[in-house]
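Some notes on the structure that comes next.
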Amino acid sequence: GDSVTQMEGPVTLSEEAFLTINCTYTATGYPSLFWYVQYPGEGLQLLLKATKADDKGSNKGFEATYRKETTSFHLEKGSVQVSDSAVYFCALSGGVGTGTASKLTFGTGTRLQVTL
Amino acid sequence: DTGVSQNPRHKITKRGQNVTFRCDPISEHNRLYWYRQTLGQGPEFLTYFQNEAQLEKSRLLSDRFSAERPKGSFSTLEIQRTEQGDSAMYLCASSLGGTGGRETQYFGPGTRLLVL
Chain A
5 GDSVTQMEGP VTLSEEAFLT INCTYTATGY PSLFWYVQYP GEGLQLLLKA TKADDKGSNK
65 GFEATYRKET TSFHLEKGSV QVSDSAVYFC ALSGGVGTGT ASKLTFGTGT RLQVTL
Chain B
0 DTGVSQNPRH KITKRGQNVT FRCDPISEHN RLYWYRQTLG QGPEFLTYFQ NEAQLEKSRL
60 LSDRFSAERP KGSFSTLEIQ RTEQGDSAMY LCASSLGGTG GRETQYFGPG TRLLVL
């Protein structure tokens with residue numbers, strides 16, 4: 005079945021440091037890929053998405069590129085802020101015809117803590 | 000767009016009692032999903048509706064769980080004879096679904112259930 009593997013956290017960075025959170029996936033067909041973020045005390049929010057190979061999703065300075073050859077969707081940000089402290093979830097929805105197109109499969113989440 | 004709302008936000012119950020949660024999706028969204036999230040894990044898919052039809056149920060959804068979406072608007076998730084293992088955050092999401100599962104799911108704040 006579909007699965008998502010994320011790097012374990014917590015990740016602790018100083019403000020303005022470069023961020024990478026690794027995400028790899030296993031899926032049949034051509035899944036769509038997502039990054040969701042969960043700030044303390046809040047619900048899941050979509051951060052960015054990519055729906056086909058080589059697409060780059062971007063939002064709020066975060067970027068991720070859909071790499072089909074390496075089955076990866078790593079999240080990057082060039083300069084993190086304290087306000088980026090949150091839990092980040094990589095997720096996929098299955099490709100057309102796979103029967104899993106409408107549900108999200110999540111990774112376990114990576115907690116990011118940014119300090120001054 | 001008032002977002003996805005869930006009630007109650009918190010529920011404490013004793014083992015063996017029944018509980019019911021409600022989800023109100025974004026008004027024009029035809030798809031509604033339920034997920035369960037335990038501490039330190041990513042959300043896991045439970046079930047989803049397209050309009051009033053329940054189209055998929057996870058193996059996680061034991062026969063003690065039942066979900067409805069009458070008239071294709073709000074949805075309820077009922078757990079009968081709760082067990083301590085049911086303690087989790089129950090998340091609802093909605094989307095405007097077409098084909099292929101590429102649409103964005105918007106999440107509510109969740110209902111945190113504690114079974115004593």
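For the protein sequence lines, the chains are A and B, in the order given. Quick note on numbering: the first sequence equals residues 5 to 120 in our numbering. Quick note on numbering: the second sequence equals residues 0 to 115 in our numbering. Virtual Cβ for every residue (Gly too), placed ideally from N, Cα, C.
### Query
If contact means a Cβ-Cβ distance below 9 Å, which residues of the region 82–109 of chain B contact chain A?
L90, A92, S94, G96, T98, G99, G100, R101, E102, T103, Q104, Y105, F106, G107, P108, G109
#### Entry: Unbroken beta strand (DSSP E) run spanning M88 (chain B), endpoints
87–94
### Task
Tell me where the beta strand (DSSP E) around Y40 (chain A) begins and ends.
36–42
### Query
Does the Cβ of F66 (chain A) have 16 or more other Cβ atoms within 10 Å, making it buried, or fewer, making it exposed?
buried
### Query
Is it the case that the Cβ atoms of F38 (chain A) and L96 (chain A) are separated by a distance below 8 Å?
Yes, the Cβ-Cβ distance between F38 (chain A) and L96 (chain A) is below 8 Å.
### Task
Return the chain-ordered list of same chain residues with a C-beta closer than 8 Å to the C-beta of S18 (chain A), the five sequence neighbours on each side being excluded.
Excluding positions up to five away in sequence, the list reads V118, T119, L120.
### Task
Establish whether the CB of K72 (chain A) and some CB of chain B are separated by less than 8 Å.
no
### Query
Cα-Cα, which of A:G111, A:Y34, A:Y92, A:K60 is closest to G47 (chain A)?
A:Y92
### Message
Please tell me whether Y29 (chain A) and T75 (chain A) are closer than 8 Å, where the distance is taken between their beta carbons.
### Response
For Y29 (chain A) and T75 (chain A), yes; Cβs fall inside 8 Å.
### Message
Which residues does DSSP list as the beta-bridge partners of V8 (chain A)?
### Response
V8 (chain A) has A:Y29 as its beta-bridge partners, per DSSP.
### Query
Mind checking if L52 (chain A) is an interface residue toward chain B, Cβ cutoff 8 Å exclusive?
no
### Message
According to DSSP, simplified to helix, strand and coil, what is V86 (chain A)?
### Response
helix
### Task
Measure the Cβ-Cβ separation of R35 (chain B) and Q83 (chain B) and say whether it is below 8 Å.
At least 8 Å separates the beta-carbon of R35 (chain B) from that of Q83 (chain B).
### Message
Classify S94 (chain B): buried if its beta carbon has 16 or more other beta carbons within 10 angstroms, exposed otherwise.
### Response
Of the residues assessed, S94 (chain B) falls on the buried side of the cut-off, its CB having 16 or more other CB atoms within 10 angstroms.
### Message
Taking 8 Å as the threshold (beta carbon to beta carbon), is G47 (chain A) in contact with chain B?
### Response
yes
### Query
According to the Cβ coordinates, are E77 (chain B) and T19 (chain B) closer than 8 Å?
yes
### Task
Assign G61 (chain A) to one of three DSSP states: helix, strand, or coil.
strand
### Query
Mind listing which residues of the region 20–36 of chain B have their C-beta closer than 8 Å to chain A's C-betas, in chain order?
R30, Y32, Y34
### Task
If I'm right that E43 (chain B) touches L59 (chain B) with Cβ under 8 Å, what's the distance once you round it to whole angstroms?
6 Å
#### Entry: Cutoff 7 Å; reference R63 (chain B); Cβ partners in own chain excluding five residues on either side
Around R63 (chain B): I78, Q79, R80.
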